[in-house]
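Student: One point on numbering: in full-length UniProt numbering, the residue at position 289 of the sequence shown is 289, and numbering is uninterrupted. Here a beta-carbon is modelled for each residue, glycine too, at the ideal position from N, C-alpha and C. Nothing here was measured: the structure is a model prediction, and the numbers come from that model. Structure in structure tokens, see below.
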Amino acid sequence: MMLIANSEAWPGFQTSVDRLRAGERGPDPLVAGIARVEREATVRSVGYGGWPNMLGEMEFDAGVMDGGTRQVGAVGALRDVIPASAVALQVMRRLPHTLLTGDGARRFALECGFDVEPTLLEDSRRVWWARLEKELPPDDLAAFPNIPLAPLSRAITDPERVRDTTVFLGRDAGGDLHAATSTSGWAWKYPGRLGDSPVAGAGFYADSRFGAAACTHTGEMTVRCGTARSIVLALQLGKSLREAVDLAVADLAELRGGFLAGVVIHALDAHGNHEVVSFRCGPAIRYWYWDPSLSAPEERTARTV
Numbered sequence: 001m002m003l004i005a006n007s008e009a010w011p012g013f014q015t016s017v018d019r020l021r022a023g024e025r026g027p028d029p030l031v032a033g034i035a036r037v038e039r040e041a042t043v044r045s046v047g048y049g050g051w052p053n054m055l056g057e058m059e060f061d062a063g064v065m066d067g068g069t070r071q072v073g074a075v076g077a078l079r080d081v082i083p084a085s086a087v088a089l090q091v092m093r094r095l096p097h098t099l100l101t102g103d104g105a106r107r108f109a110l111e112c113g114f115d116v117e118p119t120l121l122e123d124s125r126r127v128w129w130a131r132l133e134k135e136l137p138p139d140d141l142a143a144f145p146n147i148p149l150a151p152l153s154r155a156i157t158d159p160e161r162v163r164d165t166t167v168f169l170g171r172d173a174g175g176d177l178h179a180a181t182s183t184s185g186w187a188w189k190y191p192g193r194l195g196d197s198p199v200a201g202a203g204f205y206a207d208s209r210f211g212a213a214a215c216t217h218t219g220e221m222t223v224r225c226g227t228a229r230s231i232v233l234a235l236q237l238g239k240s241l242r243e244a245v246d247l248a249v250a251d252l253a254e255l256r257g258g259f260l261a262g263v264v265i266h267a268l269d270a271h272g273n274h275e276v277v278s279f280r281c282g283p284a285i286r287y288w289y290w291d292p293s294l295s296a297p298e299e300r301t302a303r304t305v
């Protein structure tokens, strides 16, 4: 067994460890942990603690993949419902589809018994409106939201440089690999924006025969490169885990045009190896690691490339 997750996973990492130790299989132990992160208001990149889009609305993205079957469930731009990861799991379990977005994702969540909840913190609302007051001339502010939003997409930047995603990758007692992701997305994003978190092959991928990978930070880049799937494919073609991750990093480095920033890759292979690599992300990136040889989960430092 094994579990890795990014540093923001601390509210739920032990929950996933405990459920893996108890022999629970499938992606459920990962979703149980990531759901606790979504309800922790002090984690400012997911769930209650996240930042709104340009209209002051919370939109959640999440994805789940069972590496034993390669079944996928995901939701994008989900409003009023958390944990989004648990809704994504139900998409995988109940529907012939892999991804639901917007009103459809919300409708499905309610059909599954999830409750509508207030999801925008008052502090987040205050910061959002203060930034609009700073950026917009009085006439536009008075007419808001009935103004063009596209010009704001580059003027407004993240209040805490938040572009992170909570990612869990695990190997269960049966040897299967699984992935789960969740995020509130890029703060001040254009309404309806999807990053890589709900996109299988870009932000997450798991195949128990070879490996699993998940990405955080600039999802627009990993969508363009199909980063998570490319790592697992490289493993399938005989590359070592480090070689596979380094190939993915080299591919990201070749991107030209569009929005370019940093990416963190989390990956593991079917042999029990793991890699967490920080590409253009500045200060040292931390992550959580556990396997049964450890008495408690450890916080470790990612390799910088």
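#1: Taking V75 and A84 to be in contact with their CB atoms under 8 angstroms, please state how far apart those CB atoms are, rounded to whole angstroms.
#2: What's the call for F259, buried or exposed, on a 16-neighbour Cβ count within 10 Å?
#3: Could you tell me the alpha carbon to alpha carbon distance between W188 and S45, rounded to whole angstroms?
#4: Would you kindly check if the distance between the Cβ of A302 and the Cβ of A213 is under 8 angstroms?
#5: If you draw a straight line from the C-alpha of T109 to the C-alpha of V81, how long is it?
#6: If you scan the stretch 189 to 271 from start to end, which runs of the beta strand (DSSP E) of 3 or more residues do you find wholly inside it?
#7: Could you give the first and the last residue of the continuous beta strand (DSSP E) run that contains A77?
#8: Using DSSP's beta-bridge definition, name the partner residues of E275.
#9: Under three-state DSSP, which class holds T15?
#10: Can you give me the Cβ contacts of E133 inside the same chain, cut-off strictly under 8 angstroms, excluding the 5 residues immediately before and after it?
#11: Can F204 and M65 be called in contact, C-beta distance under 8 angstroms?
#12: Taking buried to mean at least 16 other C-beta atoms within 10 Å of its own C-beta, is H178 buried or exposed?
#13: Which residue's Cα is closest to the Cα of M58: T98, W186 and D18?
#14: What are the boundary residues of the beta strand (DSSP E) that includes residue 322?
#15: Considering M2, what are the terminal residues of the beta strand (DSSP E) in which it resides?
#16: Can you find the residues in the same chain that come closer than 8 angstroms, C-beta to C-beta, to L121, ignoring five residues on each side of it along the sequence?
#17: Considering only residues of the stretch 74 to 160, which uninterrupted alpha helix (DSSP H) runs meet the minimum length of 4 residues and lie entirely inside it, listed in chain order?
#18: So for L169, helix, strand or coil by DSSP?
#19: Assign Y287 to buried or exposed, taking buried as 16 or more other Cβ atoms, counted over all protein chains shown, within 10 Å of its Cβ.
#20: Quick check: the Cα distance between P292 and S184, rounded to an integer number of angstroms?
#21: When DSSP labels each residue in this structure, what does L20 get in the three-state scheme?
#22: Excluding sequence positions up to five away, which residues of its chain have a Cβ less than 8 angstroms from the Cβ of G211?
#23: Pick from C225, R209, G33 and E111: whose alpha carbon is nearest that of D251?
#24: Just to confirm, are F114 and S16 a CB contact at a threshold of 8 angstroms?
#25: Which residues in the same chain as R171 place their Cβ atom closer than 6 angstroms to its Cβ, once the five residues preceding and following it in sequence are excluded?
Tutor: Once the coordinates are examined:
#1: Taking the sequence shown and counting its residues from 1, the one referred to as residue 75 is at position 75. Taking the sequence shown and counting its residues from 1, the one referred to as residue 84 is at position 84. The pair is a contact, with the Cβ atoms about 6 angstroms apart (cut-off 8 angstroms).
#2: Translated into positions along the sequence shown, residue 259 becomes position 259. Burial call: exposed.
#3: To locate residue 188, count along the sequence shown from 1; it is residue 188. To locate residue 45, count along the sequence shown from 1; it is residue 45. Those two C-alpha atoms are separated by around 12 angstroms.
#4: Stepping through the sequence shown from its first residue, residue 213 is reached at position 213. Stepping through the sequence shown from its first residue, residue 302 is reached at position 302. Their beta carbons are not under 8 angstroms apart, which means A213 does not touch A302 by this criterion.
#5: Translated into the one-based positions of the sequence shown, residue 109 becomes position 109. Translated into the one-based positions of the sequence shown, residue 81 becomes position 81. The residue you asked about is not Thr; residue 109 is Ala in the sequence shown. Roughly 7 angstroms between the two C-alpha positions.
#6: 204 to 207, 211 to 217 and 263 to 269
#7: Sequence index remark: in the sequence shown, residue 77 carries index 77 (1-based). Per DSSP, A77 belongs to the beta strand (DSSP E) from Q71 to L78.
#8: The residue you call residue 275 lines up with position 275 of the sequence shown. Per DSSP, A267.
#9: Here residue 15 corresponds to residue number 15 of the sequence shown, with the count starting at 1. In this structure, T15 counts as helix in the three-state DSSP scheme.
#10: Here residue 133 corresponds to residue number 133 of the sequence shown, with the count starting at 1. The residues are L141.
#11: Numbered from its first residue, the sequence shown carries residue 204 at position 204. Numbered from its first residue, the sequence shown carries residue 65 at position 65. Contact: yes.
#12: Position 178 of the sequence shown holds residue 178. The residue is buried, with at least 16 neighbouring Cβ atoms inside 10 Å.
#13: The sequence position of residue 58 within the sequence shown is 58, counting from 1. Nearest option by C-alpha distance: W186.
#14: In the structure as shown, the chain starts at 1 and stops at 305, and residue 322 therefore has no counterpart that could be examined.
#15: One-based indexing of the sequence shown puts residue 2 at position 2. M2 -> beta strand (DSSP E) spans M2 to N6.
#16: In the sequence shown, residue 121 corresponds to position 121, counting from 1. Once the five neighbours on either side are set aside, the close Cβ partners of L121 are A41, Y48 and G49.
#17: 84 to 94, 102 to 111, 122 to 135, 138 to 143 and 152 to 155
#18: For the purposes of this step, residue 169 is taken as residue 169 along the sequence shown, with counting starting at 1. The answer is strand: DSSP assigns L169 an E or B state.
#19: Translated into the one-based positions of the sequence shown, residue 287 becomes position 287. It is buried - the Cβ of Y287 has at least 16 other Cβ atoms within 10 Å.
#20: In the sequence shown, residue 292 corresponds to position 292, counting from 1. In the sequence shown, residue 184 corresponds to position 184, counting from 1. Their Cα atoms are separated by approximately 32 angstroms.
#21: Within the sequence shown, the letter at position 20 stands for residue 20. If DSSP states are grouped into helix, strand and coil, L20 belongs with the helices.
#22: In the sequence shown, residue 211 corresponds to position 211, counting from 1. Same-chain partners within the cutoff: L177, I231, V232, L235, L241, A244, A267, L268, D269 and A270.
#23: Position 251 of the sequence shown, counted from the first residue, corresponds to residue 251. Here the closest residue by C-alpha is C225.
#24: Counting from one through the sequence shown, the residue named residue 114 turns up at place 114. Counting from one through the sequence shown, the residue named residue 16 turns up at place 16. No, the Cβ-Cβ distance between F114 and S16 is not below 8 angstroms.
#25: Position 171 of the sequence shown holds residue 171. Taken in chain order, the residues that qualify are M1, M2 and L177.
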